[in-house]
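A.B. asks:
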Amino acid sequence: MDKIRTIDCGYVEAGLACAYLIVDGDRATFVENNTNYAVPYLLDALKEEGLGPESVDNIIITHVHLDHAGGTGKLISLCPNATVLAHPKAAPHVIDPTRLIKSSIQVYGEENYYKLYGEILPVPNDRVRTMSDGEELIWQKRTFKFLHTKGHANHHFCIYDNLTNGIFTGDTFGIGYTLFRKGKDSLLFPSTTPTDFDPEEAVLSIDKILATGADKAYLTHFGVWEDVRSGASQMKEGLNVMKNVLISAEKTGLEGEALVAFCEGRVRSYLEDQIRIRHLPFGEKEERFIGFDSQINAQGIAFKIERSRKSRK
1 MDKIRTIDCG YVEAGLACAY LIVDGDRATF VENNTNYAVP YLLDALKEEG LGPESVDNII
61 ITHVHLDHAG GTGKLISLCP NATVLAHPKA APHVIDPTRL IKSSIQVYGE ENYYKLYGEI
121 LPVPNDRVRT MSDGEELIWQ KRTFKFLHTK GHANHHFCIY DNLTNGIFTG DTFGIGYTLF
181 RKGKDSLLFP STTPTDFDPE EAVLSIDKIL ATGADKAYLT HFGVWEDVRS GASQMKEGLN
241 VMKNVLISAE KTGLEGEALV AFCEGRVRSY LEDQIRIRHL PFGEKEERFI GFDSQINAQG
301 IAFKIERSRK SRK
């Protein structure tokens, strides 16, 4: 048996974030795990493939943002043979999530934080393996190649799978909700969420993905994107727009909420234009998704501006 299964993690609502279960023979690997609340969905998918938690060899996380890796501690406590594979800069936060928890509570507030993520559990040091840039891991019939990809987060990597000629891209290859899929008119756009947005590095990371020759991308938000070259073109266009939003916002001299609001308006305008150009549906659910991403992308751009201002003082 060989299969890659997309698992909707039910994060906030259906269709927003997923994890992947790779089944190769009688062994399994998870890529991403979302939050503690998603762990039962992951284990149910495993059971439906005729496997148990003892069959899991690897729990791979592209980066430690909690919609990708919040359930790591809980999941590994249930998978006795698994090792967490993480970026060298991500591993310390998996082993000791104290700082991650504190910063997340500051962003979401304590009540919302626990509602979204629950209690983040640490992972024992001896069950974490860091993967260097370009490092390969032979597992079952396939080889995983790990590529460090800055731009969205400094502790981010992507994972190329030679067996399927596909690449698991976390947030590096953007957001491609199934709501906005319509053949050649499907929409893919960058994620510039706090705190490490860097448009130049993000473009270099797109080129790294292209250089693998992968023909499909396994997006965390959401599902399989079937045409890497068309996606790369959209991503580079979108990153250029986000860079121009950053430049124009910085020139305003605005700060705090006013700065975020300025950025949000520009990001939202771009996304709505793209939806209109592609003649994509834009109902109540689509509005919620675009509203969410416009706000969080704007926060990332504003954060970069304010951090840059502080460093110049």
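Counting from 1, one number per residue, gives the positions in the sequence shown under the UniProt record's numbering.
Every residue, glycine too, gets a C-beta built ideally from N, C-alpha and C.
For the alpha helix (DSSP H) that contains Ile60, what are its first and last residues?
C.D. replies: Segment 56–60 is the beta strand (DSSP E) holding Ile60; no alpha helix (DSSP H) there.
A.B. asks: For the stretch 31–104, list the alpha helix (DSSP H) runs that are entirely contained and at least 4 residues long, ordered along the chain.
C.D. replies: DSSP runs (the alpha helix (DSSP H)) wholly in the stretch 31–104: 39–48, 66–69, 72–78, 91–95.
A.B. asks: What separation, rounded to the nearest whole angstrom, lies between the Cα atoms of Gly239 and Arg181?
C.D. replies: Checking the sequence shown, residue 239 turns out to be Leu, not Gly. The straight-line gap from Cα to Cα measures roughly 20 Å.
A.B. asks: Look at the alpha carbon of Asn162 and the alpha carbon of Ile138, and state the distance between them as a whole number of angstroms.
C.D. replies: C-alpha separation (whole angstroms): 10 Å.
A.B. asks: Please state whether DSSP places Glu255 in a helix, a strand or coil.
C.D. replies: It is coil, neither helix nor strand.
A.B. asks: Are there 16 or more other CB atoms within 10 angstroms of the CB of Pro88, so buried, or fewer, so exposed?
C.D. replies: Pro88 is exposed by the Cβ-count criterion.
A.B. asks: Just the C-alpha distance for Tyr114 and Ala38, rounded to the nearest angstrom, thanks.
C.D. replies: If I take the Cα positions, the gap works out to 14 Å.
A.B. asks: Mind checking whether Thr192 and Thr62 have CB atoms under 8 Å apart?
C.D. replies: The answer is no: Cβ separation not under 8 Å.
A.B. asks: Express the C-alpha separation of Pro281 and Phe146 in angstroms, rounding to a whole number.
C.D. replies: Cα to Cα, the separation comes out at about 36 Å.
A.B. asks: Write down the C-beta distance between Tyr218 and Gly166 rounded to the nearest angstrom, noting that I regard them as a contact closer than 8 Å.
C.D. replies: Right, the Cβ-Cβ distance comes to about 6 Å (below 8 Å), so this counts as a contact.
A.B. asks: At which residue ranges does the stretch 193–220 contain complete alpha helix (DSSP H) runs of 4 or more residues, listed in the order of the chain?
C.D. replies: Listed in chain order, they are 199–211.
A.B. asks: Could you pull the start and end residues of the beta strand (DSSP E) that Ala19 belongs to?
C.D. replies: It spans 18–24 - the beta strand (DSSP E) in which Ala19 sits, taken as one unbroken run.
A.B. asks: Any heavy atom of the ligand MG closer than 7 Å to the CB of His156?
C.D. replies: Questions concerning the ligand MG fall outside what the structure shown contains, since it holds no ligand whatsoever.
A.B. asks: Please say whether Asp57 and Arg27 have beta carbons closer to each other than 8 Å?
C.D. replies: Cβ distance < 8 Å, so Arg27 and Asp57 count as in contact.
A.B. asks: Under 8 Å, do Leu210 and Val228 count as touching if we go by C-beta distance?
C.D. replies: Yes.
A.B. asks: Could you pull out every residue in the same chain whose Cβ sits closer than 8 Å to the Cβ of Ser308, ignoring the five residues on either side in sequence?
C.D. replies: Correct list, in chain order: Glu250.
A.B. asks: Could you pull the DSSP bridge partners for Ile277 from this structure?
C.D. replies: Partner(s): none; Ile277 has no beta bridge.
A.B. asks: Exposed or buried, what is Pro97 when buried is set at 16 or more other beta-carbons lying within 10 Å of its beta-carbon?
C.D. replies: Pro97 comes out buried.
A.B. asks: Per the contact definition of three or more C-beta pairs closer than 8 Å, is the stretch 4–23 in contact with the stretch 32–50?
C.D. replies: The stretch 32–50 is in contact with the stretch 4–23.
A.B. asks: CA-CA distance, Ile120 and Gly265?
C.D. replies: Distance between the alpha carbons of Ile120 and Gly265 is about 33 Å.
A.B. asks: Excluding the five sequence neighbours on either side, which residues of its own chain have a C-beta within less than 6 Å of the C-beta of Ala302, listed in chain order?
C.D. replies: Once the five neighbours on either side are set aside, the close Cβ partners of Ala302 are Leu259, Val260, Cys263.
A.B. asks: Buried or exposed for Ile60, please, with buried defined as at least 16 other CB atoms from any protein chain shown within 10 angstroms of its CB.
C.D. replies: With 16 or more other Cβ atoms within 10 Å, it is buried.
A.B. asks: Less than 8 Å separating the beta-carbons of Ile95 and Val64?
C.D. replies: No, the pair does not count as a contact, with Cβ atoms beyond the cut-off.
A.B. asks: Using C-beta distances below 8 Å, list every residue in its chain close to Leu78, excluding the 5 sequence neighbours before and after it, in chain order.
C.D. replies: Excluding sequence neighbours, Leu78 sits near Val39, Leu43, Pro53.
A.B. asks: State the CB to CB distance for the pair Ala202 and Gly151, rounded to an integer number of angstroms; the pair is presumed to be in contact (CB under 8 Å).
C.D. replies: The pair is a contact, with the Cβ atoms about 3 Å apart (cut-off 8 Å).
A.B. asks: Expressed to the nearest angstrom, what Euclidean distance is found between the alpha-carbon atoms of Thr212 and Tyr160?
C.D. replies: Answer to the nearest angstrom: the Cα atoms are 7 Å apart.
A.B. asks: Note down the Cα distance separating Thr72 from Gly291, rounded to an integer number of angstroms.
C.D. replies: Approximately 28 Å between the Cα atoms of the pair.
A.B. asks: When the distance is taken between beta carbons, is Lys304 closer than 8 Å to Phe197?
C.D. replies: For Phe197 and Lys304, yes; Cβs fall inside 8 Å.
A.B. asks: Where do the ends of the alpha helix (DSSP H) carrying Gly300 lie?
C.D. replies: Segment 284–312, the alpha helix (DSSP H) holding Gly300.
A.B. asks: Bridge partners for Arg268 per DSSP, in chain order?
C.D. replies: None, per the DSSP bridge assignment.
A.B. asks: Where does Ile167 fall in DSSP's three states?
C.D. replies: Looking at Ile167 - three-state DSSP - the assignment turns out to be strand.
A.B. asks: Are Lys285 and Leu179 close, meaning C-beta to C-beta below 8 Å?
C.D. replies: Yes. Within cutoff.
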